[in-house]
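Here's the structure we're looking at; comments come further down.
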Amino acid sequence: YQYGQHPDTKAIFADVFFDRFLSKKLPDGCYKGCNLACAKGAENVTLRYGPRAGTKVGVDGPEYETAGAVTCMGIFDPGFIMEYNWYCDEYGLDTISMGVTASFLMECSQRGYLSKDEVGYELSWGDIGCANRLLHETAFGEGFGKICSQGVLRAKEWVAERYSKKSGKSYTEVIGELGTFAMEAKGLEFSMYITKESLAQQGGYGFALKGPQHDEAWLIFIDQVYNELPTFKMKAEALKWFPLIRTWFNAVGLCKLPWIDVRHPEAANTDNPAKNLPTLEYYVRYLNATTGSNKTLQDVLDDTERLHLLQKLINLRHGKGTRESDQIPLRAMGPVFFNEYMDRSDYYDRWLMDQMGDEKIPDDPESRHALILKFRREAYERLCDDVYEAKGYTKNAIPLLEIVEKFDLLDQQARQLLEMFGLQERKLSN
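Numbers given in the numbering used here equal positions in the sequence shown, counted from 1, plus 1336.
In structure tokens:
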């Protein structure tokens, strides 16, 4: 998350895995007719570490996210990625949460928030030994693994409590410092996309009801690569629409990849090619043929907006649904530390010039760095305002009573919940 690149990346290119581990040379699909076949697997992988060292196992993977979780720790060893994948599956650990939490703790150690005595050993980037040890300690609830097993949110609080006592700083000050690079929101660890240059994907992570996974809104490609969402209004509309259709795919148990990755030729002739509406019409026809219903695409979107709104209300009931809950760490917005800025200073300075127009950018790099972060924060807050307006929410991210009533969810419990946030009957133009 610091740099988004590394000179050792070539060590884990796809051809390396195919040559060393994936003997079939082709990925496996959910069924023989799938033209995407996104899954993959390996046989006879010999484990080098842990309690099963020396055993040959079959590995279901690795997927992109798992490889990213290991490289977050500065490790570019394809064999360890396979082993990490297998042990996490065996232990029932999420590969993303494990890798992101471990890498957060490594950075805490790097920046002086954690000592070797507190961990019990040195936590260092690129050290397979310590990464392997922490993995197994986490699985068994032993040693420092008891802290890592709590995830980034609770680990951040644990570190802040201890460092504030050592340093003399207040807990609030330390938790704020850690929060700039602790890659979690709503208590969930970020998946493996670098969002610094994609405001839409920042929102995709921040507004996701489950926390920062890209299942609800994977917009980085159409935003950052294709530049199909150049305005705030377009980003806000996308951040309302895409989570709805993606939530529907999950609700009915259908794979969304043929819609995402294969655009229908006629999509280019629609107002918004990224929505790939012609392919979605196939899904609706399939739904109707299977269930005997007679739904339109708009019916499907209404159904899923009701579901999405219900999930939002559940979040609110559990204290995770307000604007504060939609905030993301500063590292997700930009180069949070000066070394990150300097690594791409030419790019960031050009970006800053574009933002400032005729106004001269500061002469000293420290001031330029601070100004970039200021603009990035302001852009995200503006995005919040625009997305909430598009969804029919207040500026505090609370659904208006009229919106909840529109989808037949305004029972007595929902009314009482919303009134706790000061909502009374009012118009959408609030």
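The beta carbon of each residue, even a glycine, is placed where N, CA and C say it ideally should be.
In three-state DSSP terms, what is residue i?
i, result
"Ile1348", "helix"
"Pro1698", "coil"
"Asp1679", "helix"
"Leu1745", "coil"
"Leu1666", "helix"
"Asp1721", "helix"
"Ala1518", "coil"
"Lys1763", "The predicted position of Lys1763 is uncertain, since its pLDDT is 46 and thus under 50; no value can be drawn from it."
"Arg1713", "helix"
"Gln1549", "coil"
"Ser1433", "helix"
"Pro1414", "helix"
"Leu1358", "coil"
"Pro1601", "helix"
Tell me the rounded alpha-carbon separation between residue i and residue j.
i, j, result
"Ala1544", "His1550", "8 angstroms"
"Pro1398", "Tyr1457", "28 angstroms"
"Tyr1339", "Leu1489", "22 angstroms"
"His1600", "Asn1624", "20 angstroms"
"Ser1445", "Asp1662", "27 angstroms"
"Ile1483", "Asp1425", "20 angstroms"
"Pro1614", "Leu1590", "17 angstroms"
"Gly1479", "Ala1491", "14 angstroms"
"Thr1516", "Gly1547", "17 angstroms"
"Gly1523", "Gly1487", "8 angstroms"
"Lys1452", "Leu1459", "7 angstroms"
"Ala1375", "Met1528", "18 angstroms"
"Lys1763", "Ala1347", "Below a pLDDT of 50, predicted positions are generally treated as unreliable, and Lys1763, at 46, falls in that range; the measurement from the model is reported next regardless. Cα to Cα, Lys1763 sits roughly 57 angstroms from Ala1347."
From the DSSP output, which residues share a beta bridge with residue i?
i, result
"Val1393", "Val1381"
"Tyr1619", "The partner list for Tyr1619 (beta bridge, DSSP) is empty, contrary to what the question assumes."
"Pro1735", "Tyr1729"
"Ala1845", "Because the chain spans 1337 through 1766 in this model, residue 1845 falls outside it and cannot be assessed."
"Leu1524", "Ala1521"
Would you say the beta carbon of residue i is closer than 7 angstroms to some non-hydrogen atom of the ligand SAH?
i, result
"Asp1364", "Here there are no bound small molecules, and the ligand SAH is not part of this structure."
As a quick exercise: from the options, pick the residue whose alpha carbon is nearest that of residue i.
i, options, result
"Val1636", "Tyr1562, Leu1580, Thr1606, Gln1647", "Leu1580"
"Ala1668", "Ser1433, Thr1531, Gln1691, Ala1610", "Thr1531"
"Ala1518", "Met1442, Leu1633, Glu1695, Lys1505", "Met1442"
"Glu1702", "Leu1565, Ser1681, Ala1604", "Ser1681"
"Leu1422", "Ala1475, Arg1642, Leu1372, Leu1459", "Residue identity differs from the one stated: residue 1422 is Trp in this sequence, not Leu. Closest by alpha carbon: Ala1475."
"Gly1771", "Gly1390, Ile1432, Asn1675", "For the chain, the structure presents residues 1337 to 1766; residue 1771 sits outside this window and is missing."
"Met1434", "Gly1481, Val1672, Gly1693", "Gly1481"
"Pro1594", "Ala1604, Val1588, Thr1583, Leu1616", "Leu1616"
"Glu1564", "Thr1583, Asn1586, Asn1612", "Asn1612"
Inset, instruction - Please confirm if the stretch 1563-1580 is in contact with the stretch 1712-1727, defined as three or more CB-CB distances below 8 angstroms between the two stretches. - result: yes
Inset, instruction - Could you say if the stretch 1401-1416 and the stretch 1460-1473 meet the contact criterion of at least three C-beta pairs nearer than 8 angstroms? - result: yes
Inset, instruction - Decide yes or no for the touch test of the stretch 1734-1746 against the stretch 1649-1665: beta carbon pairs closer than 8 angstroms, at least 3 of them. - result: yes
Inset, instruction - Count the CB pairs spanning the stretch 1737-1745 and the stretch 1637-1647 that are closer than 8 angstroms, and state whether there are at least three. - result: yes
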